[in-house]
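In this note's numbering, the protein residues as written are 319 to 841.
Below, the structure written as structure tokens:
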């Protein structure tokens with residue numbers, strides 16, 4: 319049957335759909351959509367032994383079905399998706415990780431519906447990227463989350479359909495955060511996005527600073543995002559500005575815990591300070607925050623920490639808006655500049671390690687990533703402190719501030735933002751650095767984006783680009799049209815109505831992201 323029957327015919331003649339015991343919720347979601355679109359009379363059964371009927375489809379994750387070993391000698395790839403039929407005619411739809419399964423199913427149902435069904439040995443392929451994670455998801459979790467008639471479930475479905483593996487779920491339940499400001503000041507508006515950990519849970523240190531009803535409402539919204547993510551196999555992720563400023567009344571109670579001044583003096587009417595994260599009490603505070611959050615939402619898979627913006631920053635980093643500053647608990651004011659740089663870099667690495675190790679006690683696979691752009695003279699000390707479970711987010715590992723060694727691969731006089739759809743290959747020295755980090759368990763998340771206007775205007779040192787890329791054999795260069803998210807106020811350019819599903823081949827080619835910026839893990 320395999321190789322002769324087409325996908326549409328196989329789906330249409332199904333008599334039953336089988337889900338192994340313990341299957342993730344996305345398997346049930348796919349089964350429901352198959353019944354709605356192709357086989358309305360197909361029975362759904364879960365658990366027990368899968369029937370050997372030729373009119374059965376088994377949907378599973380984790381383990382390769384028997385007989386699906388690749389044709390070439392050697393073990394199966396670390397990540398894979400599979401669709402095919404065994405010798406008895408029974409069909410299998412499977413993936414190593416649940417986060418790749420839904421996009422692969424929609425690829426079959428929309429793009430490959432008239433393709434012949436392969437046998438199991440030929441049906442195993444490897445996704446191009448381990449992760450495709452949104453960055454600062456404007457509509458689902460950030461500033462435009464209150465857009466009228468936004469269907470949050472349909473949004474999560476489309477994210478999975480486009481090939482994303484993660485859903486950013488931390489957002490406030492209110493239009494703005496409960497940030498104390500000065501009359502006429504706009505600075506509190508910078509706290510409406512990428513909310514800090516203390517906007518969802520509290521600890522022994524700050525209990526009572528924010529009303530319990532406010533924290534509960536934010537936490538319920540986060541938990542609802544986790545529920546929607548699980549429905550489509552997505553990994554719930556959070557993006558936080560940390561360490562973010564805290565209300566002044568907390569620092570008046572504990573003046574010895576005052577950290578760095580982190581506000582932008584051109585926009586704020588009053589200084590804002592965060593906690594000194596190197597202090598033992600503050601470390602205990604953050605440990606309790608992240609663990610309380612993981613206990614309430616154990617599905618969370620990763621935390622992206624953004625520093626040095628919107629009321630956040632790390633002590634004595636040169637990129638703080640008012641200049642390098644912090645508490646004497648970390649470094650003495652008479653120290654040499656290189657002492658400040660090393661202390662700031664080590665402090666940043668230790669803070670990230672604290673968050674990762676504390677969260678890993680509840681979810682051993684939890685990862686913490688950080689943006690490298692704000693770190694200049696501190697970068698070497700920071701990178702030396704990173705290791706397993708701690709990742710970096712970059713457009714290029716050779717960024718210095720906001721510059722990049724990459725230009726347009728064909729037109730050297732054309733300055734473009736680093737790693738857009740026009741760049742799909744790394745410089746050799748950058749590949750070596752990525753491998754060096756990977757050996758320590760540190761993944762590199764590459765930012766892909768359509769455009770970034772303020773960078774596109776800078777010629778800087780982007781003259782040398784990689785050689786003209788060539789698409790890998792079998793790579794798809796077109797994608798089916800995608801319906802827009804169900805909302806009256808959605809912009810197609812930002813909500814990804816032109817985005818494509820993930821490419822089901824191993825290639826370095828980059829497809830467009832859903833929201834203009836995407837983190838892709840290449841290791």
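Beta carbons: idealized from backbone N, C-alpha and C, even for Gly.
Every value quoted in this text rests on a predicted model; they were computed, and no experiment measured them.
Discussion item. For residue 691, count the other beta carbons within 10 Å of its own beta carbon; 16 or more makes it buried, fewer makes it exposed. Which is it?
Written reply: Position 373 of the chain shown holds residue 691. Under this definition residue 691 is a buried residue.
Discussion item. From the DSSP secondary-structure annotation, give me the bridge partner or partners of residue 437.
Written reply: The residue labelled residue 437 in the question sits at position 119 within the chain shown. In the DSSP output, where bridge partners are listed per residue, residue 437 has 403.
Worksheet item: Assuming residue 509 and residue 629 make a contact with CB atoms under 8 Å, what is their CB distance in whole Å?
Response: Sequence index remark: in the chain shown, residue 509 carries index 191 (1-based). Sequence index remark: in the chain shown, residue 629 carries index 311 (1-based). Sure, about 6 Å apart at Cβ, within 8 Å.
Worksheet item: How would you label residue 435, buried or exposed, when you count the other beta carbons within 10 angstroms and need 16 or more for buried?
Response: In the chain shown, residue 435 corresponds to position 117, counting from 1. Result: buried.
Worksheet item: Taking three-plus beta-carbon pairs below 8 Å as touching, is the region 558 to 565 in contact with the region 537 to 550?
Response: no
Worksheet item: Taking buried to mean at least 16 other C-beta atoms within 10 Å of its own C-beta, is residue 473 buried or exposed?
Response: The sequence position of residue 473 within the chain shown is 155, counting from 1. When all chains shown are included, residue 473 counts as buried.
Discussion item. Given this structure, state the Cα-to-Cα distance separating residue 363 from residue 352, to the nearest angstrom.
Written reply: Position 45 of the chain shown, counted from the first residue, corresponds to residue 363. Position 34 of the chain shown, counted from the first residue, corresponds to residue 352. Roughly 14 Å separates the two Cα atoms.
Worksheet entry | Endpoints, the alpha helix (DSSP H) within which residue 463 is located | Walking along the chain shown from the start, residue 463 turns up at place 145. It is not in any alpha helix (DSSP H) - residue 463 carries neither H nor E in the DSSP assignment.
Fill in: Distance between residue 617 and residue 447 (C-alpha atoms, nearest Å)
Your numbering for residue 447 matches position 129 in the chain shown. Your numbering for residue 617 matches position 299 in the chain shown. Each residue's alpha carbon lies about 21 Å from the other.
Worksheet entry | Residue from 534, 493, 636, 431 whose Cα sits closest to the Cα of residue 461 | Your numbering for residue 461 matches position 143 in the chain shown. Closest by alpha carbon: 493.
Worksheet item: With a CB to CB cut of under 8 Å and the five nearest residues on each side skipped, what residues in its chain are close to residue 383?
Response: For the purposes of this step, residue 383 is identified with residue 65 of the chain shown, where counting begins at 1. Excluding residues within five positions, the ones whose Cβ falls inside 8 Å are 376, 400, 404, 410, 412, 438.
Worksheet item: Which value, in whole angstroms, describes the spacing of the CA atoms of residue 387 and residue 445?
Response: Within the chain shown, the letter at position 69 stands for residue 387. Within the chain shown, the letter at position 127 stands for residue 445. Looking at the two C-alpha atoms, the distance is approximately 16 Å.
Worksheet item: Is residue 695 closer than 8 Å to residue 636 when the C-beta atoms are compared?
Response: Position 318 of the chain shown, counted from the first residue, corresponds to residue 636. Position 377 of the chain shown, counted from the first residue, corresponds to residue 695. Yes; because the gap between Cβ atoms is below 8 Å, this pair is in contact.
Practice prompt. Check whether the Cβ atoms of residue 421 and residue 481 sit closer than 8 Å, and answer yes or no.
Written response: By one-based count along the chain shown, residue 421 stands at place 103. By one-based count along the chain shown, residue 481 stands at place 163. Cβ atoms of residue 421 and residue 481: closer than 8 Å.
Fill in: As assigned by DSSP and simplified to three states, the class of residue 516
Start at 1 with the first residue of the chain shown, and residue 516 comes out as number 198. Helix, per DSSP.
Discussion item. If you reduce the DSSP assignment to three classes, tell me which class residue 711 lands in.
Written reply: Position 393 of the chain shown holds residue 711. Here residue 711 sits in strand by DSSP.
Worksheet item: Straight-line CA distance for residue 511 to residue 487?
Response: What you label residue 511 is simply residue 193 of the chain shown in a count that begins at 1. What you label residue 487 is simply residue 169 of the chain shown in a count that begins at 1. If I take the Cα positions, the gap works out to 11 Å.
Worksheet item: Within 10 angstroms of its Cβ, does residue 350 collect 16 or more other Cβ (buried), or is it exposed?
Response: In the chain shown, counting from the first residue as 1, residue 350 sits at position 32. It is exposed - the Cβ of residue 350 has fewer than 16 other Cβ atoms within 10 Å.
Worksheet item: Who are the near neighbours of residue 801 in its chain, counting only those whose CB is closer than 6 Å to its CB and skipping five residues on each side?
Response: Counting from one through the chain shown, the residue named residue 801 turns up at place 483. For residue 801, the predicted model reports a pLDDT of 29, less than 50, meaning its position is unreliable; a value from the coordinates is still stated below. Result list for residue 801: empty, nothing under 6 Å.
Worksheet entry | Cβ-based neighbour list, residue 278, same chain, cut-off 6 Å, excluding 5 preceding and 5 following | Outside the modelled stretch of the chain, which goes from 319 to 841, sits residue 278, for which no answer is possible.
Discussion item. Between the region 644 to 652 and the region 675 to 688, can you find at least three pairs of beta-carbon atoms closer than 8 Å?
Written reply: no
Worksheet entry | Local conformation of residue 376 per DSSP, three classes | Walking along the chain shown from the start, residue 376 turns up at place 58. Reduced to three states, the DSSP call for residue 376 is strand.
Worksheet entry | Buried or exposed by the 16-neighbour rule on C-beta atoms within 10 Å, applied to residue 584 | The sequence position of residue 584 within the chain shown is 266, counting from 1. It is exposed - the Cβ of residue 584 has fewer than 16 other Cβ atoms within 10 Å.
Discussion item. So, does the region 513 to 528 touch the region 602 to 617, judging by three or more C-beta pairs under 8 Å?
Written reply: yes
Worksheet entry | residue 538: first and last residue of the uninterrupted alpha helix (DSSP H) it sits in | Working through the chain shown from its first residue, we reach residue 538 at position 220. Residues 530 to 549.
Worksheet entry | Closest Cα partner of residue 579 within the set 758, 591, 586 | In the chain shown, the residue the question calls residue 579 occupies position 261. Comparing Cα-Cα distances from residue 579 to each of 758, 591, 586, the minimum goes to 591.
Worksheet entry | Spatial distance of residue 667 from residue 632 (CA atoms) | Walking along the chain shown from the start, residue 667 turns up at place 349. Walking along the chain shown from the start, residue 632 turns up at place 314. Near 10 Å, if we compare the C-alpha coordinates of residue 632 and residue 667.
Fill in: Start-to-end residues for the alpha helix (DSSP H) that takes in residue 603
Along the chain shown, one-based indexing puts residue 603 at 285. Residue 603 -> alpha helix (DSSP H) spans 598 to 614.
Practice prompt. Using the Cα positions of residue 402 and residue 432, report the straight-line distance between them to the nearest angstrom.
Written response: Your numbering for residue 402 matches position 84 in the chain shown. Your numbering for residue 432 matches position 114 in the chain shown. So the alpha carbons of these two residues sit roughly 14 Å apart.
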